[in-house]
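Quick notes on the structure that follows.
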Amino acid sequence: MASSLVLTGCRSTWQATTAAFREVGPAEGEILAAEDEMEQRHALARRRPGMRSPQDELESAGVEPKVAQAKLSKLRSGDQEEVGGEEQGAKLETAPLADSLLHRQMAAVEQLAQVRRRQGQPEHDPTEGEDAQPVVFRLNDETDEEPEQVYQSAASKEKQVSVAHHQTSIQRTQTSVDGVDADPTASGEVMPASAARRLAAETDLRAEEIVAEGSSLDWQAHVREAIQNLEAEIQDTTTPELRINMEKTLRLLELSVNDLEGAMIPVQGMGTDMQDYLRYSMQAWHDSTDPNGHPTARKRFTLALKSQRKALQHLAAASDLEVHNVAFCTDVESYGAVTKFEENVFRPDQPLLLYLEVDNFVSLPLPNANGYETHLKGTYEIVDSQGNRIEDQQLDADQYRCNNPRRDYFIVYRIWTPKSISPGSYQLKLTIEDLNGHKFGHSKIDFRVVE
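With the working numbering applied, the sequence shown covers 1402 to 1852.
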């Protein structure tokens, strides 16, 4: 049976790759040259110089073309053995040459893949798809042997190349787990894609092992190490503001490793109320996140709320006094339950109820745990539209005691508009002093006077 060499692939890929080779570098040119040389030698092998076809022989002998064609038909039907012998000899002579050309072409393909990887380009033709039709390349198109048609991707071609022609290169470029690397280009050979992928995978695995060996500490150990470093920096810090900020950060780090005792240490340089605010805030956060706390979330949050309220009391004490929701009213029942005038339009010497709410006041604990006390005092002044003061007035002090610190605080003053005030637009400016907290709050309200 006639000998033939079969190449399988996709026609669209072969044509697109051949066209691309004509536009690129020397590696790609080798593939094209090998292909052209294969085709030329294939044709020469089938019809060597000096050989003449049967029809040429008949015509040279003076046989008329029609008679020569008839004899040729007879020759093809009856003398296949002679013709087949010549063809078979040509095929047998062509097979070693084709093997050599194929090896060159596949080596050039591998070199092209290596060049494209260095340049960051795709190794294979992006137009190659699942719908590509199989095509068979063979030296003898007339052989009776039916070649095996195989769908091949560019990756499987590379695998064949590496197995058939680069076994030595693979052994040379393999990297041991101990990290001893061989130079893949030391002998001038090209590393196959499969060997390169294996080398990258083994390198990544070794890198992960090194990182794992050097990271024996868990996250809590790293945080504790950071705490020690920060404590050393605090000792060397001379700027008060920077030291306070570093102390706050230190408390948060200590809380993150569940060190509540360390987190609640007072921060030096801060006022008492701010220190207590931070302490109770840390307590509240710990109560809600403690892994050893109550198993029911609602219970943990209830406990945290108690600490948070204490923290808010100290935060309010450290904040400015706020006076808001000032209103002229005809009736006041309780906190927020008031009846306001429809319009703030009054007559001279008219009685009014002045309602106001206060926030961030201080409730001091009484001796012997007898409760808490708030102590507020107010004043106001009336100015006209030009800012001229018309009248000012001291208000009675409001001192209140209760068993628990107050959360909602409102005051109602009974006042009168001035007797000698002229019609026009005016503004009442109110000031409230927190005698326990030693701070002031301000607000204002507009009104008009008519006759």
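C-beta: ideal position from N, C-alpha, C; glycine also.
{"Query": "What first and last residue would you give for the alpha helix (DSSP H) that runs through PHE1841?", "Result": "Here PHE1841 belongs to no alpha helix (DSSP H); instead the beta strand (DSSP E) covers 1840-1850."}
{"Query": "In terms of alpha-carbon separation, which member of GLN1714, ALA1798, LEU1606 and ASP1797 lies closest to ASP1674?", "Result": "GLN1714"}
{"Query": "Comparing alpha-carbon positions, which option in PRO1819, GLY1788, ILE1822 and SER1764 lies nearest ARG1808?", "Result": "SER1764"}
{"Query": "Can you tell me where the beta strand (DSSP E) with SER1764 in it begins and where it stops?", "Result": "Unbroken run through SER1764: none, as it is neither H nor E."}
{"Query": "Note down the Cα distance separating PRO1749 from HIS1843, rounded to an integer number of angstroms.", "Result": "25 Å"}
{"Query": "Buried or exposed: which applies to ALA1738, given that a residue is buried once 16 or more other Cβ atoms fall within 10 Å of its Cβ?", "Result": "exposed"}
{"Query": "Between the region 1815-1831 and the region 1772-1791, do at least 3 Cβ pairs fall closer than 8 Å?", "Result": "yes"}
{"Query": "Counting pairs of Cβ atoms below 8 Å between the region 1644-1655 and the region 1625-1633, do you hit three or more?", "Result": "yes"}
{"Query": "Round the Cβ separation of GLU1758 and ASN1726 to the nearest angstrom and send it over; I've been treating them as touching at under 8 Å.", "Result": "5 Å"}
{"Query": "Is ASP1677 buried or exposed, if buried means 16 or more other CB atoms sit within 10 Å of its CB?", "Result": "buried"}
{"Query": "Does DSSP classify VAL1825 as helix, strand or coil?", "Result": "At residue 1825 the sequence reads Gly, which differs from the Val that was named. If DSSP states are grouped into helix, strand and coil, GLY1825 belongs with the strands."}
{"Query": "Between LEU1631 and chain D, is there a C-beta pair that is closer than 7 Å?", "Result": "Among the chains in the structure shown there is no chain D, since it carries only a single protein chain."}
{"Query": "Going by Cα to Cα distance, which pick from ILE1783, GLU1744 and ARG1599 is closest to LEU1829?", "Result": "ILE1783"}
{"Query": "Which same chain residues, not among the five before or five after ARG1644, have their C-beta less than 7 Å away from its C-beta?", "Result": "ILE1635, THR1638 and GLY1670"}
{"Query": "Which residues bound the alpha helix (DSSP H) around GLY1663?", "Result": "1661-1664"}
{"Query": "Terminal residues of the continuous alpha helix (DSSP H) containing ALA1738?", "Result": "Careful: ALA1738 lies outside any alpha helix (DSSP H), inside the beta strand (DSSP E) at 1738-1741."}
{"Query": "Output needed for ASN1837: all residues of its chain with C-beta closer than 6 Å, excluding positions within five of it in sequence on either side, in chain order.", "Result": "VAL1763, LEU1765 and HIS1776"}
{"Query": "Give me the Cα-Cα distance between HIS1839 and ALA1622, rounded to the nearest whole angstrom.", "Result": "46 Å"}
{"Query": "In this structure, how does DSSP classify LEU1713 when only helix, strand and coil are distinguished?", "Result": "helix"}
{"Query": "Could you pull the DSSP bridge partners for TYR1814 from this structure?", "Result": "LEU1755"}
{"Query": "Ordered along the chain, which non-local residues of its own chain (more than five positions away) have a Cβ less than 6 Å from that of GLU1543?", "Result": "Residue confidence is low: GLU1543 scores 46 on pLDDT, short of 50, so the model does not pin down where it sits. Its coordinate-derived value is still stated next. Here the set comprises nothing."}
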